[in-house]
Amino acid sequence: MNYLLMICGDETTAEHADDGCGGWSEEMEARGVLRGGAGLRPPSDATTLRVRGDEVLLSDGPFAETKEQIGGFCLIECADLDEAIEIAAKHPAAAYGTIEIRPIWQP
Amino acid sequence: MTVEVDAAVAQAFRDEWGQVVATLIRITGDWDLAEECAQDAFAQAVRNWPRDGVPRRPGAWLTTVARNRATDRLRRDAVGAAKLREVAAMPPEPYTEDDSGVPDDRLRLMFTCCHPALALESRVALTLRTLAGLTTAEIARAFLVGEQTMAKRLVRAKQKIRHAGIPYRVPAAHLLPERTPAVLGVLYLLFNEGYSATAGADLVRRGLTGEAIRLARVLAELMPDEPEAVGLLALMLLQDARRAARLDPAGELVTLSEQDRSRWDAAEIDEGLALLDGALRRGNAGQYQVQAAIAACHAKAEDAADTDWAQIAALYGWLARFVPSPVVELNRAVAVGMAAGPAAGLDLVDALGATGALTGYHLLPATRADLLRRLDRAAEAAVAYREALDLAATEAERRYLGRRLAEVTAGSTP
Numbered sequence: 001m002n003y004l005l006m007i008c009g010d011e012t013t014a015e016h017a018d019d020g021c022g023g024w025s026e027e028m029e030a031r032g033v034l035r036g037g038a039g040l041r042p043p044s045d046a047t048t049l050r051v052r053g054d055e056v057l058l059s060d061g062p063f064a065e066t067k068e069q070i071g072g073f074c075l076i077e078c079a080d081l082d083e084a085i086e087i088a089a090k091h092p093a094a095a096y097g098t099i100e101i102r103p104i105w106q107p
Numbered sequence: 001m002t003v004e005v006d007a008a009v010a011q012a013f014r015d016e017w018g019q020v021v022a023t024l025i026r027i028t029g030d031w032d033l034a035e036e037c038a039q040d041a042f043a044q045a046v047r048n049w050p051r052d053g054v055p056r057r058p059g060a061w062l063t064t065v066a067r068n069r070a071t072d073r074l075r076r077d078a079v080g081a082a083k084l085r086e087v088a089a090m091p092p093e094p095y096t097e098d099d100s101g102v103p104d105d106r107l108r109l110m111f112t113c114c115h116p117a118l119a120l121e122s123r124v125a126l127t128l129r130t131l132a133g134l135t136t137a138e139i140a141r142a143f144l145v146g147e148q149t150m151a152k153r154l155v156r157a158k159q160k161i162r163h164a165g166i167p168y169r170v171p172a173a174h175l176l177p178e179r180t181p182a183v184l185g186v187l188y189l190l191f192n193e194g195y196s197a198t199a200g201a202d203l204v205r206r207g208l209t210g211e212a213i214r215l216a217r218v219l220a221e222l223m224p225d226e227p228e229a230v231g232l233l234a235l236m237l238l239q240d241a242r243r244a245a246r247l248d249p250a251g252e253l254v255t256l257s258e259q260d261r262s263r264w265d266a267a268e269i270d271e272g273l274a275l276l277d278g279a280l281r282r283g284n285a286g287q288y289q290v291q292a293a294i295a296a297c298h299a300k301a302e303d304a305a306d307t308d309w310a311q312i313a314a315l316y317g318w319l320a321r322f323v324p325s326p327v328v329e330l331n332r333a334v335a336v337g338m339a340a341g342p343a344a345g346l347d348l349v350d351a352l353g354a355t356g357a358l359t360g361y362h363l364l365p366a367t368r369a370d371l372l373r374r375l376d377r378a379a380e381a382a383v384a385y386r387e388a389l390d391l392a393a394t395e396a397e398r399r400y401l402g403r404r405l406a407e408v409t410a411g412s413t414p
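One line per chain: the protein sequences are A and B, in this order. UniProt numbering numbers the first residue of the first sequence as 1 and each following residue consecutively. UniProt numbering numbers the first residue of the second sequence as 1 and each following residue consecutively.
Structural data, given as structure tokens:
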């Protein structure tokens with residue numbers, strides 16, 4: 001199974017932006033489950049886009065101005081949800097933010 | 001003869017449904033197919049058993065029939081071809097008359113149905129459908145929602161299991177301490193739903209206690225090394241033993257102290273006490289064993305006056321270490337009020353009230369009212385009873401509080 005780990009936090013977690021992953025990435029790469037990922041610049045740098053008719057509509061900011069915003073993501077491949085939970089629980093961001101585990105669409 | 005066969009089919013349904021479904025899910029990986037084939041197998045039992053007699057091992061017979069049915073259906077179905085290859089690769093489980101070596105899939109099914117990634121209401125519904133064999137309509141009735149709503153809830157839950165990759169297995173040993181409480185919690189919730197149902201409530205709803213006890217028995221049997229599973233079964237049995245005495249002939253709630261203890265089920269109490277003893281001896285207590293120990297204090301008392309309230313107060317103190325909750329503290333206050341007098345109980349209740357943690361919970365003013373009544377502070381008791389009446393959720397509780405209120409107001413008016 002492939003899962004996207006979406007790492008979310010509120011503005012108070014911004015202080016962790018430069019923390020890195022405390023060896024998590026290295027461990028998961030060695031284990032062969034990490035397929036990719038990155039940290040994101042803050043939502044204030046986001047641009048949101050829609051195309052309606054022929055018009056490209058842009059707006060400043062993220063999808064929704066909610067308290068919790070995605071600050072990073074990882075793509076993992078593992079056996080099942082229990083393994084995904086175990087991997088996500090080891091991520092340092094789980095201790096101060098929230099991680100949403102989403103299965104990747106498989107046709 | 002037909003009556004006997006009908007009874008045998010009904011018994012087999014209660015005893016074997018979960019096992020048949022659990023095995024078929026493991027073999028086919030398809031929850032809907034598993035349920036449908038289990039249904040077909042029971043329908044075939046209804047047709048064949050009157051003619052052929054009841055098989056010696058109905059569960060094995062039903063599993064074999066359901067399995068064959070699944071193979072037939074997958075063969076006819078193009079997308080089933082891949083699954084069928086897997087089924088064919090499984091070691092055969094022919095119907096035999098011996099009892100050896102059939103693995104029990106019900107434990108996997110329990111852990112999957114009660115996976116914490118599913119919403120609690122979905123866990124409850126899935127458990128009742130797949131393990132206990134209740135129909136969607138029955139589960140909807142038991143939880144007072146529409147059948148369509150319940151059907152959607154079940155479909156969504158099964159889809160999540162498939163799409164999110166919730167595994168069909170008993171968690172590894174190191175995960176058991178965090179996963180087992182989810183299973184125990186669902187079974188206890190089922191029990192309480194049935195136990196709190198009033199006399200007028202739907203029979204299906206009242207029957208939830210029986211389903212919960214049956215499932216807890218299976219769990220305790222399949223997890224003999226988990227004292228909390230045994231403790232939960234003991235707790236259910238000790239509470240269920242009081243069922244006949246909890247309501248009077250008019251359907252009114254009878255408090256523990258006023259119950260006719262000769263109507264308690266002695267066999268259920270004996271079984272509960274023996275199970276609890278065995279569990280506690282393992283020296284690994286948890287919330288269900290402690291709650292069962294509290295129920296055991298009541299069960300062992302000859303009458304209300306004989307109750308060891310000091311012990312119960314100590315047990316609530318112990319329970320708070322596992323379940324830090326203001327409701328547990330309220331119960332401790334009640335026990336202290338019995339062991340050390342109403343004034344001591346009232347001090348604890350007022351301290352608890354001051355925290356605001358139980359604001360809006362009817363048992364807080366109800367408990368306070370009761371302690372004030374015992375302290376002969378009738379006017380204050382009446383105020384508290386009225387407050388509790390405004391908050392009480394069930395008719396039976398409101399009638400009980402109304403009676404108490406009438407007592408204190410009658411006593412206070414010259």
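Ideal placement from N, C-alpha and C gives every residue a C-beta, glycine not left out.
Those residues of the segment 154–178 of chain B placed with their C-beta closer than 8 Å to a C-beta in chain A are His-163, Ala-164, Gly-165, Ile-166, Pro-167, Pro-171 and Leu-175, ordered along the chain. Within the segment 105–131 of chain B, the residues whose Cβ lies closer than 7 Å to any Cβ of chain A are, in chain order, Ala-117.
It is roughly 58 Å from the alpha-carbon of Phe-13(B) to the alpha-carbon of Pro-42(A). Taking 7 Å as the threshold, the shortest C-beta distance from Asp-60(A) to chain B does not fall below it. DSSP places Val-145(B) outside both helix and strand once states are collapsed to three, so it counts as coil. As summarised for the UniProt domain "RNA polymerase sigma-70 region 2" (19–77) of chain B, the continuous alpha helix (DSSP H) elements at least 4 residues long and confined to that stretch are 31–52 and 58–76, given in chain order. About 14 Å separates the beta carbons of Pro-324(B) and Leu-358(B), which is beyond the 8 Å limit, so they are not a contact pair. Runs of alpha helix (DSSP H) with 4 or more residues, each lying fully within the segment 130–178 of chain B, are found at 136–142 and 147–164, listed in chain order.
Of all alpha-carbon atoms in Asp-32(B), Ala-241(B), Asp-105(B) and Tyr-168(B), the one lying nearest the alpha-carbon of Leu-74(B) is that of Asp-32(B). Taking one beta carbon from each stretch, the segment 26–42 of chain A and the segment 68–80 of chain A have 3 or more pairs nearer than 8 Å; the two touch. In this structure the segment 95–104 of chain A does not touch the segment 41–58 of chain A; the number of beta carbon pairs closer than 8 Å is below three. Under the DSSP assignment, Gln-106(A) falls outside any alpha helix (DSSP H); it carries neither an H nor an E label. The three-state reading of DSSP puts Met-1(A) in coil, since its state is none of H, G, I, E or B. Here Asp-10(A) has Lys-67 and Glu-68 as same chain residues with Cβ atoms under 6 Å from its own Cβ, once five neighbours each way along the sequence are excluded. As DSSP reads the structure, Gln-69(A) sits in a beta bridge with Gly-9(A). Residue burial is scored here from C-beta neighbours: His-174(B) has fewer than 16 other C-beta atoms within 10 angstroms and is therefore classed as exposed. Between Leu-4(A) and Val-145(B), the alpha-carbon positions lie close to 34 Å from each other. Boundaries of the beta strand (DSSP E) harbouring Asp-60(A): 55–60, taken from the DSSP string. In the structure shown, the three-state DSSP call for Leu-40(A) is coil. Measuring C-alpha to C-alpha distances from Ala-310(B) to each of Arg-321(B), Asp-225(B) and Ile-294(B) identifies Ile-294(B) as the nearest. When C-beta distances to chain B are compared with 9 Å, the residues of the segment 76–103 of chain A below that value are Cys-78, Ala-79, Asp-80, Leu-81, Asp-82, Glu-83, Ala-84, Ile-85, Glu-86, Ile-101, Arg-102 and Pro-103, in chain order.
Per DSSP, the continuous alpha helix (DSSP H) segment holding Thr-112(B) begins and ends at 106–113. The C-beta distance from Leu-49(A) to Leu-57(A) rounds to 7 Å, short enough to fall under 8 Å. In this chain, the beta strand (DSSP E) harbouring Arg-50(A) covers 47–52. Closer than 7 Å to the CB of Met-6(A) there is not a single CB belonging to chain B. DSSP places Phe-322(B) inside the alpha helix (DSSP H), whose first and last residues are 309–322.
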